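Protein chains in written order, with the numbering used here: chain A, 1 to 493; chain B, 494 to 1021.
The beta-carbon is built from N, C-alpha and C at its ideal position, and this holds for glycine as well.
A quick note: this is a predicted structure, and the numbers were derived from the prediction, not measured.
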């Protein structure tokens, strides 16, 4: 009996085993390699990120974030943030993990992005590490500094404030300031254990203060009367209203509780009847609550959605804002969902109840008004250049949406100017800005969220803004001047 | 009809291919020396001093082996020696490269006054073992004579072993049992497969592997006629008689029992595959393969039920889904995996100064089984880092994987040499195996045929089990990677294996004996 045949078959089987191994190695090193390299458990990516300099982050020609060796004999690079707390809402921090632009542009800053490695393919081939690319922000550094200082001065101790300015034609974010902030230098790689402890401390925060969560893009507040801009826009679309329509500004009895909804004052335009323009300028609650009741919460929710409510607005890859919302139903901490009733709908129309918005969201509302009805998608990064100055990325502005028509936009623009010329914000005259005030109640024990949302210059607007500070008092008195100061700096150029 | 082996023999050139062998050997040397040079150039821009010690040492050894081979087995297969040298050289280079990093680590830990690493890459040690391994190769080639002169005084041929089949089977068993004998055996990295001999740790299983091949070959050559022809036919398969099956089942159960006690599943899998494949070669009956695979399934099923073998089903679970187990995972009775890595709250809860492994303690509290996939995942990360072309020798970070120099050396090579390098390494293994199989086909004697087929297949299977394990093709079980892994026992056993194949290929390929025609007419008598 001859054994050649089975030996041959076993030999073929052995070859098949090797083919299996080859196929698996090809699969792992070929198609899975990228996801293995970027797996969050893979410590390699964290180890060598400290061993080479990261790209710089700059704004308006000013270098804000740099990498350098902490000590001459140390192979690790640290990270230095100029005016850290002022720019932290945009730059974020970096300590291996990252937030903000440090996170969104991690692969480019760290030199690992395909756009760099393909360009420097020869370096990659011989194993030389590519240098990190430099990121140029849209931010106006002087205006950002002014915004930070103003917010700090105008916000009540232990409370929060946020300000955003966007270029209405492009969507470029010029200012995104938050008070209080944190200093990314305190948690940068060179701080080691101490930085890790500090980061935990910052993460825990104190009371409502969460320093790592900025109040311009990542935190929502009740917009109060500033939301009337949205309600008015929807009334023009759904109820056929215009700025000259005569509206009832008198008493409104809430349908469920039977209690009256108060106006801030019952004189002037709010005395019984006025044009929509007048009611808007003097911010008569009852008019807008009635409009909300006429439209219903679903219409309000859907209409606000066109401005960006109900979604995390995408600023940059991997960088989203908090979700602003006009909820149709409110889910409490226990997971119990309550539909927004008729009274709630009325209060939603004036930006109360459970309506919440980020300052950026309200600036987007204002930019629709200032830009003929169109909102441009907000963004933070203008350009990314490789170390040899070649351009790796350059923004191309995109439209976010067109929630209102050009005609409605110009009517609303006029109404917002009236707020300053003859309405609730007469104290801001001479500051070349127009907007809508908002003074939202935040429940017992909490101070008001004071808003001023608008655009500048008042004629032919180029920038939209939203300023929110927490404290006693009103939007006109405590947010308006902040907006005025910031816009003065922005419009200097 | 001519058999396949006769066809091959008819076409064998019966030529000495020593020039080819030399050319390939020089190429293997160039490969190894370049690898050493690259390590040095990448790390500090100089040709390293190690090049002359390690590379030079290997060159001298390999050429001695070559001259012994040409002198004593001139018709030997020309590929086997150069292929083995190339693998051994690459292994030495990557261990040298890992040693540079672990030496630095050691200095740092020593300076910090901490406990030294127990396991570390040890290039000088590996060079010594390479020396011992190649010396054994030379010795084996010198000692073993041609199989057609079995009666010459003091001669020893591969066929001699056939006479001592049962003695060799017994010694294989003794070697397997040694590690669990108290006082001699030692447990390293969770597997009790080591014995301490005069300060050295030896893995007797590596040698038992070769002895078992001999035993199976010897036993099956005697019994194969009976086993393949006599038996009850049940449906499409015919079952062998109990008396044919009996002795082999006894030794097989014994092996498996020992291996389960040693918790060395890789070797169990290896012996099992060896057993089935040799049965198949001997009897040509598929029913044996089916019975064998069925027994394996039963064995694995029993292993998953036994509480003390708890890590078997976890290994399978880790293989399917390694991510939740990274740095510690807990398999609950419900089949759910709860991560207990240092980032989890439950880990922090149990993190107290007197708790050695908080993850393990936490898992005990949950009533689950603790396991850790960090090693496997880190090995895969190394492969991912390597990509297609690799980082280049000396430029990656393969030392991040635990046991990067032994069990995971394939992943270390994958990081620095990339997919390209790994394909070359796998091809080298495949070539050695196919050359061994060709030797088996060309061999004239049934015992030698089984012997050569068995050792070739055991090599293929060993590569499959360990490389498949570290690349997540199959569940991970610990085995050495032949010629690459750091460790003396493995190197010695594999060099002996190559020596046996070289000797047998010489026998198979040399010309048939010539008639002595000095006086009168003499019949030519073949000794086939």
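Chain B beta carbons: is any one of them nearer than 8 Å to that of residue i?
i: residue 398 of chain A; result: no
i: residue 5 of chain A; result: yes
i: residue 130 of chain A; result: no
i: residue 352 of chain A; result: no
i: residue 196 of chain A; result: no
i: residue 31 of chain A; result: no
i: residue 51 of chain A; result: no
i: residue 11 of chain A; result: yes
i: residue 14 of chain A; result: yes
i: residue 187 of chain A; result: no
On the DSSP letters alone, give me the boundaries of the beta strand (DSSP E) that residue i sits inside.
i: residue 167 of chain A; result: 161-167
i: residue 338 of chain A; result: 337-339
i: residue 775 of chain B; result: Per DSSP, residue 775 of chain B belongs to no beta strand (DSSP E); it is in the alpha helix (DSSP H), 758-776.
i: residue 909 of chain B; result: Run containing residue 909 of chain B: none in the beta strand (DSSP E); it sits in the alpha helix (DSSP H), 902-935.
i: residue 174 of chain A; result: 173-179
i: residue 831 of chain B; result: 830-832
i: residue 392 of chain A; result: 391-394
i: residue 247 of chain A; result: 246-248
Can you tell me where the alpha helix (DSSP H) holding residue i begins and where it ends?
i: residue 210 of chain A; result: Careful: residue 210 of chain A lies outside any alpha helix (DSSP H) and carries neither H nor E.
i: residue 382 of chain A; result: From DSSP, residue 382 of chain A is part of no alpha helix (DSSP H) but of the beta strand (DSSP E) over 381-385.
i: residue 78 of chain A; result: Residue 78 of chain A -> not in any alpha helix (DSSP H); beta strand (DSSP E) instead, spanning 77-81.
i: residue 699 of chain B; result: 697-722
i: residue 823 of chain B; result: That residue, residue 823 of chain B, is in no alpha helix (DSSP H); its beta strand (DSSP E) goes 822-824.
i: residue 563 of chain B; result: 549-565
i: residue 401 of chain A; result: Careful: residue 401 of chain A lies outside any alpha helix (DSSP H), inside the beta strand (DSSP E) at 399-401.
i: residue 148 of chain A; result: 141-154
i: residue 273 of chain A; result: Where residue 273 of chain A is concerned, there is no enclosing alpha helix (DSSP H), although the beta strand (DSSP E) it sits in stretches over 273-275.
i: residue 864 of chain B; result: Taken as a continuous stretch (DSSP letters only), residue 864 of chain B belongs to no alpha helix (DSSP H), being part of the beta strand (DSSP E) at 862-864.
i: residue 91 of chain A; result: 84-91
i: residue 329 of chain A; result: From DSSP, residue 329 of chain A is part of no alpha helix (DSSP H) but of the beta strand (DSSP E) over 329-331.
i: residue 848 of chain B; result: That residue, residue 848 of chain B, is in no alpha helix (DSSP H); it is neither H nor E in DSSP.
i: residue 295 of chain A; result: 285-295
Give me, in chain order, the residues of the same chain whose beta-carbon lies closer than 6 Å to that of residue i; leave out the 5 immediate sequence neighbours on both sides.
i: residue 851 of chain B; result: 840, 843 and 844
i: residue 770 of chain B; result: 950
i: residue 277 of chain A; result: 243, 415 and 418
i: residue 353 of chain A; result: 344 and 347
i: residue 569 of chain B; result: 562, 995, 998 and 999
From the DSSP secondary-structure annotation, give me the bridge partner or partners of residue i.
i: residue 312 of chain A; result: A:323
i: residue 457 of chain A; result: DSSP output for residue 457 of chain A lists no bridge partner at all.
i: residue 438 of chain A; result: A:451
i: residue 188 of chain A; result: Paired residues: none, contrary to the question.
i: residue 57 of chain A; result: A:65 and A:135
i: residue 469 of chain A; result: A:161 and A:450
i: residue 260 of chain A; result: A:253
i: residue 105 of chain A; result: Per DSSP, none; premise fails for residue 105 of chain A.
Excluding sequence positions up to five away, which residues of its chain have a Cβ less than 7 Å from the Cβ of residue i?
i: residue 417 of chain A; result: 434 and 458
i: residue 104 of chain A; result: 316, 317, 318 and 319
i: residue 631 of chain B; result: 557, 558 and 561
Can you find a C-beta in chain A that's less than 8 Å from the C-beta of residue i?
i: residue 878 of chain B; result: yes
i: residue 664 of chain B; result: no
i: residue 893 of chain B; result: yes
i: residue 997 of chain B; result: no
i: residue 942 of chain B; result: yes
i: residue 789 of chain B; result: no
Can you name, in chain order, every residue of its own chain whose Cβ lies under 8 Å from the Cβ of residue i, other than the five neighbours on each side?
i: residue 786 of chain B; result: 769
i: residue 100 of chain A; result: 88, 89, 90, 91, 92, 93 and 319
i: residue 239 of chain A; result: 291, 294 and 295
Report, in whole angstroms, the separation of the C-beta atoms of residue i and residue j, which I expect to be a contact under 8 Å.
i: residue 413 of chain A; j: residue 369 of chain A; result: 5 Å
i: residue 925 of chain B; j: residue 573 of chain B; result: 6 Å
i: residue 465 of chain A; j: residue 479 of chain A; result: Not really, about 10 Å apart at Cβ, beyond 8 Å.
i: residue 3 of chain A; j: residue 775 of chain B; result: 7 Å
i: residue 307 of chain A; j: residue 375 of chain A; result: 7 Å
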